[in-house]
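Asks: Dropping a structure here in structure tokens format, bear with me for questions.
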Amino acid sequence: MPTDTPDDDFEKPEIARESLLTFPTVFPMKIMGRREDGFAQVVSEVVQKHAPDFHPSTIEMRTSKNGRYISITVEINARSREQLDALYSELSKHPMVMMVL
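Here the sequence shown is numbered in this note's numbering, starting from 5 and rising by one per residue.
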């Protein structure tokens, strides 16, 4: 049965990815991989590509108990969810990186 109100008079729900973060914000990321030469350098270069104001001197590194793995913690000044998504994606795809949190 037809209605008296045209379709465009109805409010359409907006589908958006909501973020619990308010930007800009300081955002920590933990990157884990096997302990191998160049890992910290690779992580630093990828992070600087997405967050040019990142300072590699602020990197925190921890080696696993058995010494085979390393975790690197970085803090960036995140400007947007898109920036974080792009950084997470590039780090996750790198062959030296096992996990990004």
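Positions of the beta carbon are idealized from the N, C-alpha and C atoms, including for glycine.
So, at 7 Å on beta carbons, what are the nonlocal neighbours of Phe27 in its own chain, with the 5 sequence-adjacent residues on each side left out?
Replies: Translated into the one-based positions of the sequence shown, residue 27 becomes position 23. Non-local beta-carbon contacts of Phe27 in its own chain, meaning distances under 7 Å to residues more than five positions away in sequence, involve Ala82, Arg83, Ser84 in chain order.
Asks: What span of residues does the alpha helix (DSSP H) with Phe43 cover, start to end?
Replies: Locating residue 43 in the sequence shown gives position 39, counting from the first residue. Looking at the DSSP string, the run of the alpha helix (DSSP H) that includes Phe43 is 43-54.
Asks: Excluding the five sequence neighbours on either side, which residues of its own chain have a C-beta within less than 6 Å of the C-beta of Phe31, listed in chain order?
Replies: What you label residue 31 is simply residue 27 of the sequence shown in a count that begins at 1. The residues are Ile80, Ala82.
Asks: What whole-angstrom Cβ distance do Met36 and Ser75 have, given they're in contact under 8 Å?
Replies: Position 32 of the sequence shown, counted from the start, is the residue given in the question as residue 36. Position 71 of the sequence shown, counted from the start, is the residue given in the question as residue 75. Contact check for Met36 and Ser75: beta-carbon distance about 5 Å, within the 8 Å limit, so the pair qualifies.
Asks: When DSSP labels each residue in this structure, what does Pro67 get in the three-state scheme?
Replies: Your numbering for residue 67 matches position 63 in the sequence shown. It is Thr, not Pro, that sits at residue 67 in the sequence shown. Here Thr67 sits in strand by DSSP.
Asks: Just grab the DSSP bridge partners of Ala82 for me.
Replies: As a position in the sequence shown, residue 82 is number 78, starting the count at 1. Looking at the DSSP assignment, Ala82 forms a beta bridge with Thr29.
Asks: Report buried or exposed for Met65, applying the criterion of at least 16 other Cβ atoms within 10 angstroms of its Cβ.
Replies: Along the sequence shown, read from residue 1 onward, the residue named residue 65 stands at position 61. Classification of Met65: exposed, given that the 10 Å Cβ count is below 16.
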